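Student:
In the numbering used here, the protein residues as written are 2 to 417.
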């Protein structure tokens, strides 16, 4: 692929799809790590591990978005070579949970050497030496962490600095001590980047993230199917598990793909591919919803065990709440205080569905959560349809309204 579609944007390349398969294996190991030790401490460690893998994937996604072309052999080779250390890292994920991250860290260092080289590779009209330098620094930090104990801080610093070079390097400079308002920051994000070479293709990025979210939803479907196969066909839990898991996965798909994905793509397109907005909506904005899918997959998996732990229901409901909050499903509605209160109440009610495990068997709880997710998807469809209508009628007015709401929120925070 990597061709221009009808809307004028790039398409995801075949080599990118192959690369994503390796990452699905990697993130699947993260979900299995939660199942192996169902405690919140393990879930927190899984989030850190997932974030490391996530930003590695982001590096290749943005690389191909800006300068990738399937007609160039070098571009395809950089991605294919990158699958080798990524695959090694995937096989070592469980060792990270056990306190032995050396090989995983070394693999992450190797990936960043490849990304640094890819950004230094000659390309007419594109100079991304700063991004290459950022990945070189990350490679050193991950390499050092492979021989040092308790290296999470080095990993965090490496990810933060490379993210800054990759997507936040085009930010407007400000005077020392100056702190821009939230409205000003939002208006900057809605403006085209000063360096056209740093612009993000909205169609390609939306498709790339959408495909990856589909693959993560597949982890939930596989979990449900595998667990159902282990139960006899005359077991009520079999049918509850199968129906609940598939309904939940379908509702999660609906929440994201029925409208959220289109709004994100259009906003990024109207901004001229602003990389800071791409960071807000996609690279940073999708991190928690993506992890929430893994957390729910782990929760459903545990719920279908013979003796499910109490954490199973909490992982599922907390994951659903994180997914709803992260995809901003209610954010496009009214900003009156009582609507804001209703949004908070809906998320709190979602989490507290876990208390039903004291009254119902675990498969039945999964089914109730799935029904709740369907109701949420229905409400979301109405809210997002109105947003899309406003966006179609007057895109400029819609974006100005977004900025004005940010200004109102910032003023409220200042008054507080």
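Positions of the beta carbon are idealized from the N, C-alpha and C atoms, including for glycine. Predicted, not measured: the structure shown is a model, and the values here were computed from it.
1. Could you tell me whether the Cβ atoms of residue 294 and residue 247 are closer together than 8 Å?
2. Quick one: residues in its chain with C-beta nearer than 6 Å to the C-beta of residue 166, no 5 flanking neighbours on either side, listed in chain order?
3. Is it true that the CB of residue 243 sits closer than 8 Å to the CB of residue 265?
4. State the CB to CB distance for the pair residue 109 and residue 221, rounded to an integer number of angstroms; the pair is presumed to be in contact (CB under 8 Å).
5. Using a Cβ-Cβ cutoff of less than 7 Å, which residues in the same chain neighbour residue 292 once the five nearest sequence positions on both sides are dropped?
6. Report yes or no: do the region 348-359 and the region 367-386 share at least 3 C-beta pairs separated by less than 8 Å?
7. Quick check on the burial criterion: 16 or more other C-beta atoms within 10 angstroms. Buried or exposed for residue 116?
8. Let me know if residue 99 comes out buried or exposed under the rule of 16 or more other beta-carbons within 10 Å of its beta-carbon.
9. When we look at the beta-carbon of residue 311 and count the other beta-carbons within 10 Å, is it buried (16 or more) or exposed?
10. Please tell me whether residue 38 and residue 216 are closer than 8 Å, where the distance is taken between their beta carbons.
11. Using 8 Å for Cβ pairs, my map puts residue 196 next to residue 66. What's the rounded Cβ distance?
12. Taking the alpha-carbon positions, what's the residue 36 to residue 101 distance?
13. Tell me which residues share the same chain as residue 249 and place their Cβ nearer than 6 Å to its Cβ, disregarding the 5 neighbours each side in the sequence.
14. For residue 32, which residues in the same chain have their Cβ closer than 7 Å to its Cβ, ignoring the five residues on either side in sequence?
15. Going by beta carbon distance, what residues of the same chain come within less than 6 Å of residue 314, once the five residues before and after it are set aside?
16. So, for residue 44: in the same chain, excluding its five sequence neighbours on each side, which residues have a beta-carbon less than 6 Å away from its beta-carbon?
17. For the alpha helix (DSSP H) holding residue 12, just list the boundary residues, first then last.
18. Span of the alpha helix (DSSP H) holding residue 96?
19. Closer than 8 Å by C-beta to residue 361: which residues in its own chain qualify, once you throw out the five before and the five after it? Chain order, please.
20. Rounding to the nearest angstrom, what Cα-Cα distance links residue 209 and residue 68 in this structure?
21. Measuring only the C-alpha atoms, how far is residue 11 from residue 19?
22. From 213, 327, 259, pick the residue whose C-alpha is nearest to that of residue 55; which is it?
Tutor: Answer, in terms of the structure:
1. no
2. 131, 132, 135
3. no
4. Not a contact, Cβ separation roughly 26 Å.
5. Cβ within range, chain order: 48, 51.
6. Flag = yes, the region 348-359 and the region 367-386 touch.
7. When all chains shown are included, residue 116 counts as buried.
8. exposed
9. exposed
10. no
11. Incorrect: roughly 15 Å between the Cβ atoms, too far for contact.
12. Looking at the two C-alpha atoms, the distance is approximately 19 Å.
13. Contacts found: 371, 374.
14. Taken in chain order, the residues that qualify are 220, 295, 298, 299.
15. Cβ neighbours of residue 314 within its own chain (closer than 6 Å, five residues either side excluded): 355, 358, 366.
16. Same-chain partners within the cutoff: 35.
17. Bounds of any alpha helix (DSSP H) do not take in residue 12, whose DSSP letter is neither H nor E.
18. 94-98
19. Same-chain partners within the cutoff: 369.
20. 15 Å
21. Distance between the alpha carbons of residue 11 and residue 19 is about 17 Å.
22. 213
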